[in-house]
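Okay, structure first, notes after.
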């Protein structure tokens, strides 16, 4: 099951090799490490995890810093709150920063949906996705989320995955109309991920780290079946094609239970390199960050792309672990986990 752990334990995953992993030359561009306060009853650890994902993505952080104008919503303005907290992340001498302004803006913005309300725990992946959509709202003149072409819109220019899905019957040749859509986060079932990892291991003599892209593709297609468009009796899998090469690929892993026993298997099934050639092109994404929940509390894991370090946050507690191989990625991948053990 744990193909990634077994592979590296056997010495098959060298630091160099086919993946082009390199030793970093400098650590000067690493983002300062700070965290948000999370006093008893605040339940803001999900927000801290979502923010840390954005903050530790150099592409996002630098692009967001360049934005100067926006549609302000005053005391419920998420853009203003993000600008303020990121300025504190960069310049404040304090390691623990208040989350009140951003938490309040989120609560007011999503009051009608009763999401992200004060004092209530919520989902880090959904918070991450909604923060991106609110940034789009604040800076883009296009109100629709699926057709934004604004060059300065960070969510759509950096994160958006443009896909189309279609069913094609190999028996009668019938095909459905292609359905185009945009995703900020690609969600995959953890159960499907683990089941597919087992099946793939049964068919291979030796697992390799570059299995991760194929694993995600297979897990994504599991159980997604449709009847033939011409009703010939065949049951078809939906074919999804990625039409662009986003700079940041975000993957959300969906847990089938609040108390899943798959946590260790999922962690060992995660690769640090995703070859988008499994879907389109030959680009490669390297994992950057991963928030997850443990005992109803989010923990943020970040592999620094500029140095050989992993960073783990539990609220405002920071720990670093050295000795990891880091790449020089043209694009980054954030994997968003949510598990309550």
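In the UniProt record's numbering, the protein residues as written are 1 to 341.
Backbone N, C-alpha and C define an ideal beta-carbon position, used for all residues, glycine too.
Taking the alpha-carbon positions, what's the residue i to residue j distance?
| i | j | result |
| --- | --- | --- |
| residue 103 | residue 118 | 7 Å |
| residue 87 | residue 214 | 39 Å |
| residue 198 | residue 111 | 43 Å |
| residue 72 | residue 138 | 7 Å |
| residue 101 | residue 74 | 11 Å |
| residue 177 | residue 201 | 35 Å |
| residue 269 | residue 212 | 8 Å |
| residue 47 | residue 170 | 46 Å |
| residue 186 | residue 196 | 17 Å |
| residue 355 | residue 132 | Missing from the structure shown is residue 355; the chain here goes from 1 to 341 and no further. |
| residue 149 | residue 93 | 38 Å |
| residue 109 | residue 189 | 29 Å |
| residue 81 | residue 68 | 13 Å |
| residue 63 | residue 152 | 8 Å |
| residue 256 | residue 192 | 10 Å |
| residue 96 | residue 33 | 10 Å |
| residue 239 | residue 228 | 13 Å |
| residue 415 | residue 90 | The requested residue 415 is not part of the displayed model; the chain covers only 1 to 341. |
| residue 79 | residue 135 | 6 Å |
| residue 343 | residue 114 | It is not possible to answer for residue 343, since the shown part of the chain is limited to 1 through 341. |
| residue 247 | residue 262 | 30 Å |
| residue 243 | residue 162 | 5 Å |
| residue 208 | residue 165 | 29 Å |
| residue 125 | residue 146 | 19 Å |
| residue 260 | residue 141 | 42 Å |
| residue 60 | residue 230 | 45 Å |
| residue 168 | residue 241 | 13 Å |
| residue 342 | residue 220 | With the chain running from 1 to 341 in the structure shown, residue 342 is simply not present. |
| residue 107 | residue 65 | 24 Å |
| residue 157 | residue 35 | 27 Å |
| residue 77 | residue 85 | 13 Å |
| residue 264 | residue 99 | 31 Å |
| residue 55 | residue 258 | 28 Å |
| residue 206 | residue 226 | 34 Å |
| residue 50 | residue 252 | 12 Å |
Which residues mark the beginning and the end of the beta strand (DSSP E) in which residue i is found?
| i | result |
| --- | --- |
| residue 237 | 235-237 |
| residue 186 | 186-189 |
| residue 253 | 248-254 |
| residue 273 | 273-275 |
Just mark residue i as buried or exposed, buried being the case when its beta carbon has 16 or more other beta carbons within 10 Å.
| i | result |
| --- | --- |
| residue 237 | exposed |
| residue 305 | Unreliable placement is indicated for residue 305, whose pLDDT of 48 sits below 50; the coordinate value is still reported in the next sentence. Label assigned to residue 305: buried. |
| residue 216 | buried |
| residue 105 | buried |
| residue 173 | exposed |
| residue 41 | exposed |
| residue 52 | buried |
| residue 144 | exposed |
| residue 181 | exposed |
| residue 129 | buried |
| residue 38 | buried |
| residue 271 | buried |
| residue 235 | exposed |
| residue 123 | buried |
| residue 232 | exposed |
| residue 223 | exposed |
| residue 120 | exposed |
| residue 179 | exposed |
| residue 274 | buried |
Can you name the residues that DSSP bridges to residue i?
| i | result |
| --- | --- |
| residue 227 | 235 |
| residue 82 | According to DSSP, residue 82 bridges with nothing at all. |
| residue 183 | 161 |
| residue 241 | 164 |
| residue 35 | 96 |
In the DSSP assignment, the alpha helix (DSSP H) including residue i goes from what residue to what residue?
| i | result |
| --- | --- |
| residue 62 | 58-66 |
| residue 215 | 211-221 |
| residue 45 | 45-55 |
| residue 94 | That residue, residue 94, is in no alpha helix (DSSP H); it is neither H nor E in DSSP. |
| residue 268 | 263-269 |
Exercise for review: Please list the segments of the alpha helix (DSSP H) lying wholly inside the region 97-180, counting only runs of 4 or more residues, in order along the chain.
Suggested key: Listed in chain order, they are 100-109, 124-139.
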